[in-house]
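Numbering (UniProt numbering), first residue to last: 1 to 428.
Glycine is no exception: its CB is placed at the ideal position from the N, C-alpha and C atoms.
These notes concern the structure reproduced below.
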Ligand code: PMP
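Take a look at the structure:
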């Protein structure tokens with residue numbers, strides 16, 4: 001295929017006319033498809049239904065240490081859940097707090113507590129003139145929403161397939177005391193599906209922050225969410241690496257079973273150093289008597305151990321792998337060689353990141369919407385919803401059925417071609 005920018009004005013105008021005819025056909029189909037959020041599809045939720053059978057009115061809800069899970073108590077989570085989630089997070093159960101149903105909630109709480117009460121005896125962030133966070137971009141909109149909500153200034157840091165630009169991170173973190181944190185999705189990142197390289201993780205563990213209360217917010221949301229059995233990304237375990245580097249308190253690490261069992265009804269956890277955990281627990285005692293132990297028990301009885309969870313993740317992969325492949329082949333078949341965009345090819349996680357020509361993302365999303373396909377809003381992957389080049393679009397392939405997804409991907413690529421052709425033509 002000839003790149004659009006290599007076509008003559010006449011050739012491109014003719015192509016555009018043809019593309020618009022195809023678009024009108026899509027409009028006539030009256031589609032209502034959603035590729036906007038990273039939600040598991042129905043079949044994925046169905047594979048966890050066995051969890052509901054693990055407990056019934058005849059079940060013994062006593063956990064291994066004799067605690068009756070039906071009653072109050074056990075602030076940091078039942079031991080067997082810590083063992084299971086510890087294996088999932090690659091952390092010692094002693095370094096883990098099990099929370100409620102959402103890791104995002106834990107992240108919010110962690111920022112909120114730093115604002116009002118400070119970290120390990122340091123000045124609460126709300127008493128400082130300025131608090132800043134580094135935000136690798138494109139990134140996860142709900143991370144950015146938390147820091148925006150608290151009035152924290154967000155500084156974009158470019159991502160590469162190796163992770164955030166570490167020269168920039170090191171320079172900023174070591175020179176500016178008002179930089180208090182960085183949002184990281186280190187494995188199968190949202191939205192690119194990139195996994196940080198060994199060097200990136202080692203450099204994170206060896207940061208020398210100007211602020212004593214600087215923390216890395218390490219959101220390992222997709223730690224075991226591989227698409228392929230034989231091609232899995234891996235990550236150096238950050239808490240162990242920080243300990244080796246003499247920086248044990250540098251990281252808060254988050255995870256949940258949201259995309260393993262039921263999003264919104266799973267279990268969330270935080271892993272960190274003994275100092276950080278003690279600091280958090282002091283506050284937590286004022287916040288709750290304990291989280292949902294019955295749900296923790298249900299998860300443990302369903303999976304039994306990490307091997308049960310690994311098997312379970314294979315079932316998820318079998319359902320969503322064809323969806324990723326369908327989108328990737330539509331992108332490849334319809335767009336390669338045209339010079340109208342680039343996209344990532346993840347081996348895990350929930351998203352594909354698409355970069356259109358600068359100035360095109362908003363129009364592409366709008367055009368897809370007009371034909372009945374909802375994408376994540378253009379700009380969402382940037383702090384404040386402002387993508388300075390207006391080019392990044394997050395594609396979430398998991399939720400629609402495979403047939404719907406194939407239609408949606410065809411329409412999406414068509415919109416990319418139309419908007420790009422119009423833009424190139426207008427500049428000729
Ligand atoms: N972190 C990332 C990077 C995510 O993509 C998501 C879900 N889209 C979450 C956190 C949300 O996690 P939870 O359901 O545990 O709040």
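Cβ-Cβ distance between residue i and residue j below 8 Å
{"i": "residue 412", "j": "residue 368", "result": "yes"}
{"i": "residue 272", "j": "residue 266", "result": "no"}
{"i": "residue 19", "j": "residue 323", "result": "no"}
{"i": "residue 330", "j": "residue 406", "result": "yes"}
{"i": "residue 85", "j": "residue 63", "result": "no"}
{"i": "residue 424", "j": "residue 310", "result": "no"}
{"i": "residue 179", "j": "residue 279", "result": "no"}
{"i": "residue 328", "j": "residue 23", "result": "no"}
{"i": "residue 429", "j": "residue 186", "result": "No information on residue 429 is available, as it lies outside the stretch 1 to 428 that the chain covers here."}
{"i": "residue 188", "j": "residue 222", "result": "yes"}
{"i": "residue 135", "j": "residue 397", "result": "no"}
{"i": "residue 91", "j": "residue 277", "result": "no"}
{"i": "residue 212", "j": "residue 334", "result": "no"}
Same chain only: Cβ atoms within 8 Å of residue i, ignoring 5 sequence neighbours per side
{"i": "residue 174", "result": "207, 208, 209, 210"}
{"i": "residue 116", "result": "124, 126"}
{"i": "residue 353", "result": "138, 191, 192, 193, 343, 344, 381, 392, 393, 394, 395"}
{"i": "residue 283", "result": "113, 117"}
{"i": "residue 312", "result": "47, 48, 260, 303"}
{"i": "residue 1", "result": "336, 337, 338"}
{"i": "residue 128", "result": "178"}
{"i": "residue 285", "result": "75"}
C-alpha gap between residue i and residue j, whole angstroms
{"i": "residue 458", "j": "residue 281", "result": "The structure shown does not extend to residue 458, since the chain spans only 1 to 428, so no value can be given for it."}
{"i": "residue 326", "j": "residue 349", "result": "16 Å"}
{"i": "residue 228", "j": "residue 275", "result": "37 Å"}
{"i": "residue 269", "j": "residue 292", "result": "12 Å"}
{"i": "residue 376", "j": "residue 59", "result": "43 Å"}
{"i": "residue 214", "j": "residue 21", "result": "55 Å"}
{"i": "residue 113", "j": "residue 254", "result": "16 Å"}
{"i": "residue 53", "j": "residue 300", "result": "13 Å"}
{"i": "residue 304", "j": "residue 151", "result": "43 Å"}
{"i": "residue 409", "j": "residue 226", "result": "22 Å"}
{"i": "residue 10", "j": "residue 389", "result": "28 Å"}
{"i": "residue 315", "j": "residue 347", "result": "15 Å"}
{"i": "residue 289", "j": "residue 73", "result": "6 Å"}
{"i": "residue 477", "j": "residue 94", "result": "What is shown of the chain runs 1 to 428, which leaves residue 477 out entirely."}
{"i": "residue 426", "j": "residue 360", "result": "13 Å"}
{"i": "residue 308", "j": "residue 341", "result": "40 Å"}
{"i": "residue 196", "j": "residue 161", "result": "7 Å"}
{"i": "residue 145", "j": "residue 14", "result": "43 Å"}
{"i": "residue 428", "j": "residue 36", "result": "33 Å"}
{"i": "residue 182", "j": "residue 365", "result": "29 Å"}
{"i": "residue 168", "j": "residue 157", "result": "7 Å"}
{"i": "residue 164", "j": "residue 320", "result": "27 Å"}
{"i": "residue 245", "j": "residue 217", "result": "18 Å"}
{"i": "residue 204", "j": "residue 166", "result": "8 Å"}
{"i": "residue 420", "j": "residue 379", "result": "18 Å"}
{"i": "residue 176", "j": "residue 102", "result": "32 Å"}
{"i": "residue 235", "j": "residue 17", "result": "48 Å"}
{"i": "residue 55", "j": "residue 184", "result": "36 Å"}
{"i": "residue 351", "j": "residue 171", "result": "30 Å"}
{"i": "residue 111", "j": "residue 30", "result": "43 Å"}
{"i": "residue 422", "j": "residue 386", "result": "23 Å"}
{"i": "residue 4", "j": "residue 109", "result": "49 Å"}
{"i": "residue 358", "j": "residue 332", "result": "20 Å"}
{"i": "residue 45", "j": "residue 81", "result": "21 Å"}
{"i": "residue 99", "j": "residue 106", "result": "7 Å"}
According to DSSP, residues forming a beta bridge with residue i
{"i": "residue 164", "result": "159"}
{"i": "residue 341", "result": "356"}
{"i": "residue 431", "result": "The structure shown has nothing for residue 431, since the chain only spans 1 to 428."}
{"i": "residue 34", "result": "374"}
{"i": "residue 334", "result": "Partner(s): none; residue 334 has no beta bridge."}
{"i": "residue 348", "result": "226"}
Beta-carbon proximity list for residue i, same chain, < 6 Å, skipping 5 on both sides
{"i": "residue 27", "result": "371"}
{"i": "residue 97", "result": "76, 270"}
{"i": "residue 404", "result": "33"}
{"i": "residue 69", "result": "61, 63, 293, 294, 297"}
{"i": "residue 147", "result": "133, 154"}
Residues near residue i by beta carbon distance below 7 Å, same chain, minus five either side
{"i": "residue 263", "result": "39, 40"}
{"i": "residue 83", "result": "93"}
{"i": "residue 306", "result": "84, 87, 88"}
{"i": "residue 242", "result": "205, 248, 250, 251"}
* Kindly provide the ranges of any alpha helix (DSSP H) runs that are 4 or more residues long and lie completely inside the region 169–254, ordered along the chain. => 198–205, 238–244
* At 4 residues or longer, and completely inside the region 54–131: list those alpha helix (DSSP H) runs for me, N to C. => 79–89, 103–117
* Asked: Unbroken beta strand (DSSP E) runs of length 3 or more, entirely within the region 256–328: which are they?
  -> 268–271
* **Continuous alpha helix (DSSP H) assignments of at least 4 residues falling wholly in the region 383–427** => 402–426
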